[in-house]
Each structure stands twice: as C-alpha cells, then as structure tokens.
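Trainee:
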Amino acid sequence: MATGTSKYPPLLLKYLKMFQDDPKSRIFAPLAESYRKIGLTEQAIEICLEGLAIHPDFIGGKVALARAYHDKKMNVQVRDLLMPVIDQIPDNLMAQKLLADSCLVLGYVQEALASYKMILYFNPADQEAAGVVQELETKAYEAGGLVKAGPSPAKLRKLMRLQKMLARVQQLRGQTL
Numbered sequence: 020m021a022t023g024t025s026k027y028p029p030l031l032l033k034y035l036k037m038f039q040d041d042p043k044s045r046i047f048a049p050l051a052e053s054y055r056k057i058g059l060t061e062q063a064i065e066i067c068l069e070g071l072a073i074h075p076d077f078i079g080g081k082v083a084l085a086r087a088y089h090d091k092k093m094n095v096q097v098r099d100l101l102m103p104v105i106d107q108i109p110d111n112l113m114a115q116k117l118l119a120d121s122c123l124v125l126g127y128v129q130e131a132l133a134s135y136k137m138i139l140y141f142n143p144a145d146q147e148a149a150g151v152v153q154e155l156e157t158k159a160y161e162a163g164g165l166v167k168a169g170p171s172p173a174k175l176r177k178l179m180r181l182q183k184m185l186a187r188v189q190q191l192r193g194q195t196l
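Numbering (the numbering used here), first residue to last: 20 to 196.
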C-alpha cells in the first residue's frame, strides 16, 4: 500500500486516509495512537482534541488522548481526563493503568492503589500491578499505618463500593452456575 519512500507506517496512512475521507468519524482515536507510536505525540494530542470536540463521550478517544498526555508526562491532565472514565467503565484496564501511574507520580497514593487493585480485580494475572500493590502496602505498613487518602476520598470510596459490588455480583454468578 505505501511505497518504500514513505516515512509513515502503512496502518497510519490507512487511518489518515479514512480520517480525511470522514473527519467527523471516530477513526481519530486509532489515528492518534498511530501518531503516538511513532513519536508524533503533539499530532496525536491535536487529533484527539479535534475528535473529542465532535465525540465528547467517546471513551476510546479519551483513552487515546490520555496515552498521549502520559507520554508527554502530563499527569495532571491524565488524571483529570480519566477519573470520570473509570467512574463510568471501571473495567477499562488501560484507563486504570494510566490513571494509577499518573496518580502515583502526582503523589495520590491512595487513588493509585485503588486503581492498581481494580486492575488486579479484573486481571489477577497482572504481575506488574500485583508488585506495585504489594510495594505500596508494604511501605504503608512499615510506616505504621494506612496509606493516606488524597484530596478526593469521596471518589475513592465510590470506587471501593463499586469494587465490593462487583465482587458480590461475581459471587452471585458463581452460585447460579
């Protein structure tokens, strides 16, 4: 599809053509991901912002924007963008991971811990998340107490209630099988 002289991957060119054919489509998210993967993070952010202006509730677009922000170490923007996303869709593991990493960098240890635990809830085999949870809980224990809550304990409580509710649903499903 692309000639040997093109500096862009064929998939990016495909998405770009689709975007040019229909700039109001949701193809902006994979196009932004393609830009991000080759290091064109500014273009990825720009495309996402344009796309989200048309599709403000598109979770895939928000996650693509958060990934680009994360690459630029714009952790405040990642956190602000993804807190509402995980409230809506707590099983979006990419959103949880980006949020957890950003919260940890920003010093919101309790929020980070809650997101890492949510990752483990939905993917118990995630060794990286398990290691971070163990490390954070060990540090908290050695410091003589619980990890201090960040400035938004209400959101954390909501997340924990949701986690308990999901555990109960799984328990009930197990009884009916």
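We put the beta carbon where it would ideally sit given N, CA and C, even for glycine.
1. Rounded to whole angstroms, how far is the Cβ of residue 81 from the Cβ of residue 68, which I believe are closer than 8 Å?
2. Is residue 110 close to chain C, meaning its C-beta is less than 9 Å from at least one C-beta of that chain?
3. Mind reading off the beta-carbon distance from residue 137 to residue 115? Whole number of angstroms is fine, and I expect it under 8 Å.
4. Can you give the beta carbon distance from residue 139 to residue 148, rounded, assuming they're within the 8 Å contact cut?
5. Please report the distance separating the alpha-carbon of residue 52 from that of residue 45.
6. Tell whether a beta-carbon distance below 9 Å holds between residue 27 and residue 64.
7. Which two residues bound the contiguous alpha helix (DSSP H) that contains residue 94?
8. If we call anything under 9 Å between Cβ atoms a contact, is residue 97 one with residue 123?
9. Please state if the CB of residue 125 and the CB of residue 95 are separated by a distance shorter than 9 Å.
10. Which class does residue 27 belong to by DSSP, given the choice of helix, strand or coil?
11. Report the rounded CA-to-CA distance for residue 110 versus residue 59, giving the unit in angstroms.
12. Which residue marks the beginning of the alpha helix (DSSP H) containing residue 46, and which one marks its end?
13. Quick check on residue 162: does DSSP put it in helix, strand or coil?
Mentor: On the basis of the supplied data:
1. Their Cβ separation, rounded to whole angstroms, is 11 Å, which puts residue 81 and residue 68 out of contact at 8 Å.
2. No chain C is part of this structure, which consists of one protein chain only.
3. Confirmed, about 5 Å.
4. The pair is a contact, with the Cβ atoms about 5 Å apart (cut-off 8 Å).
5. Those two C-alpha atoms are separated by around 12 Å.
6. Contact check for residue 27 against residue 64 fails: the beta carbons are separated by 9 Å or more.
7. Element bounds for residue 94: 94-107.
8. No, they are not a contact pair.
9. Going by beta carbons, residue 95 and residue 125 fall inside the 9 Å limit.
10. Three-state DSSP puts residue 27 in coil, outside helix and strand.
11. Their backbone Cα atoms lie some 28 Å apart in a straight line.
12. From DSSP, residue 46 is part of no alpha helix (DSSP H); its letter is neither H nor E.
13. Coil, per DSSP.
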